[in-house]
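Q: Residue numbering for the sequence shown follows our numbering, starting at 1 and increasing by one per position. Cβ atoms here follow ideal geometry from the backbone N, Cα and C, with glycine treated the same way.
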Amino acid sequence: MKALAVVHPPWPPHLPSRPQPKSRLRNTRFRVSSSLMKESRSQSQSQQQYKPRVVDELFLNVFRNKMVEEVRWDSDKPGYDGLIEVANRLMLKNPTNSDTKEAAVRVLISLFPPFLLELYKLLVASIQGGKIAALMVARVTAISCQWLMGRCTVNSVDLPDENSWTSGVFVEKCKYLEKSKCVGICVNTCKLPTQSFFKDYMGVPLLMEPNCNDYSCQVNPISSQLDPFQQYDPL
Numbered sequence: 001m002k003a004l005a006v007v008h009p010p011w012p013p014h015l016p017s018r019p020q021p022k023s024r025l026r027n028t029r030f031r032v033s034s035s036l037m038k039e040s041r042s043q044s045q046s047q048q049q050y051k052p053r054v055v056d057e058l059f060l061n062v063f064r065n066k067m068v069e070e071v072r073w074d075s076d077k078p079g080y081d082g083l084i085e086v087a088n089r090l091m092l093k094n095p096t097n098s099d100t101k102e103a104a105v106r107v108l109i110s111l112f113p114p115f116l117l118e119l120y121k122l123l124v125a126s127i128q129g130g131k132i133a134a135l136m137v138a139r140v141t142a143i144s145c146q147w148l149m150g151r152c153t154v155n156s157v158d159l160p161d162e163n164s165w166t167s168g169v170f171v172e173k174c175k176y177l178e179k180s181k182c183v184g185i186c187v188n189t190c191k192l193p194t195q196s197f198f199k200d201y202m203g204v205p206l207l208m209e210p211n212c213n214d215y216s217c218q219v220n221p222i223s224s225q226l227d228p229f230q231q232y233d234p235l
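1. Just reading off the alpha helix (DSSP H) that residue 195 is part of, what are its end residues?
2. So within the segment 103-182, which uninterrupted alpha helix (DSSP H) runs reach at least 4 residues, ignoring any that extend past its ends?
3. CB residue 244 to CB residue 202, shorter than 8 Å?
4. Within 8 Å, do at least three Cβ pairs link the segment 157-176 to the segment 88-105?
5. Which two residues bound the contiguous alpha helix (DSSP H) that contains residue 61?
6. Taking the alpha helix (DSSP H) that residue 220 falls in, what are its first and last residues?
7. Measuring straight from C-alpha to C-alpha, what distance separates residue 136 and residue 167?
8. Less than 7 Å between C-beta atoms, sequence neighbours within five positions excluded: which residues of the same chain meet that for residue 246?
9. Look at the Cβ atom of residue 185, then the Cβ atom of residue 103, and state whether they are nearer than 8 Å.
10. To the nearest angstrom, report how far apart residue 160 and residue 90 are at their CA atoms.
11. With a threshold of 6 Å on Cβ separation, who are the neighbours of residue 221 within its own chain once the five nearest residues in sequence on each side are excluded?
12. What is the DSSP secondary structure of residue 31, counted as helix, strand or coil?
13. Give the range of the beta strand (DSSP E) segment to which residue 290 is assigned.
14. Pull up the distance between the alpha-carbon of residue 142 and that of residue 93, whole angstroms please.
15. Could you have a look at residue 100 and say whether DSSP puts it in helix, strand or coil?
16. Got a sec, what are the start and stop residues for the alpha helix (DSSP H) residue 187 sits in?
17. Check each candidate in 65, 70 and 118 and name the one with the smallest Cα separation from residue 199.
18. What is the residue span of the alpha helix (DSSP H) that residue 81 lies within?
19. Cα-Cα, which of 58, 197, 101 and 150 is closest to residue 109?
20. Rounding to the nearest angstrom, what Cα-Cα distance links residue 70 and residue 84 in this structure?
21. I think residue 139 touches residue 172, with their Cβ atoms under 8 Å apart; what is that distance to the nearest whole Å?
22. Out of 189, 183 and 144, state which residue places its alpha-carbon closest to the alpha-carbon of residue 105.
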């Protein structure tokens, strides 16, 4: 009888490789997809930002020149940064906030041709209690002033007479406030002068509501039939 050969298995025995945990793969894919979502979201937000136009440089230069004429001083910095320094000098030059507001109103008046404001107040501001004038101001502001304020849109607002009207302007992130980082410049060279200018020289009472936390601003018209404007005491 033949002896059987004993075959010993190799040592150490060959073990199958352990599969990669699926949970780790899923987490990796989740992290990648999350980063891609954040990147695409940030790209979409940047695409929504206002893109300067060729004519915006003209608007900036005209407005800055009018400010320089009022202040009698100019900054060495170019562009928007220089404009902010001129606005700051406007604050420093005038002894009171009221003087600063009146100086800024003079700048706004100088931007318009003679008699245009008087004709607008006489012929347009009285139609439908000022609603048509407020609607026109909102659309012109949203089209022509984004170089100064940043991206803004016309929205519907509630009027004091309990009606709504698409005559508001919402500024998503005011460039003027963001760059200046100064509540005083915002209030005394923009908010108060703009309210006074539109009410007194265009017949369109409005209220500007800047948000110093996120730099947004809501511009709300006020029905001229209900004035009294003093009940909207600005800051």
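A: To lay it out plainly:
1. 192-201
2. 116-123, 131-144, 146-149 and 175-180
3. Absent from the structure is residue 244, since the part of the chain shown begins at 1 and ends at 235.
4. no
5. Counting along the chain, the alpha helix (DSSP H) containing residue 61 begins and ends at 54-71.
6. It is not in any alpha helix (DSSP H) - residue 220 instead sits in the beta strand (DSSP E) that spans 217-221.
7. 8 Å
8. Here the chain has residues from 1 to 235 only, and residue 246 is not among them.
9. No, they are not a contact pair.
10. So the alpha carbons of these two residues sit roughly 34 Å apart.
11. If we look at residue 221 and ignore the five residues flanking it on each side, its Cβ neighbours are 134, 167 and 206.
12. Summary for residue 31: the model assigns pLDDT 42, below 50, so the residue's position carries little reliability; its value from the coordinates is reported in the next sentence. If DSSP states are grouped into helix, strand and coil, residue 31 belongs with the helices.
13. Within the shown structure, residues of the chain are numbered from 1 to 235, placing residue 290 beyond reach of any answer.
14. In this structure, the alpha-carbon of residue 142 lies about 31 Å from that of residue 93.
15. helix
16. Careful: residue 187 lies outside any alpha helix (DSSP H) and carries neither H nor E.
17. The candidate whose alpha carbon is nearest that of residue 199 is 118.
18. 79-93
19. 197
20. 14 Å
21. With a Cβ gap of about 17 Å, residue 139 and residue 172 do not count as contacting.
22. 189
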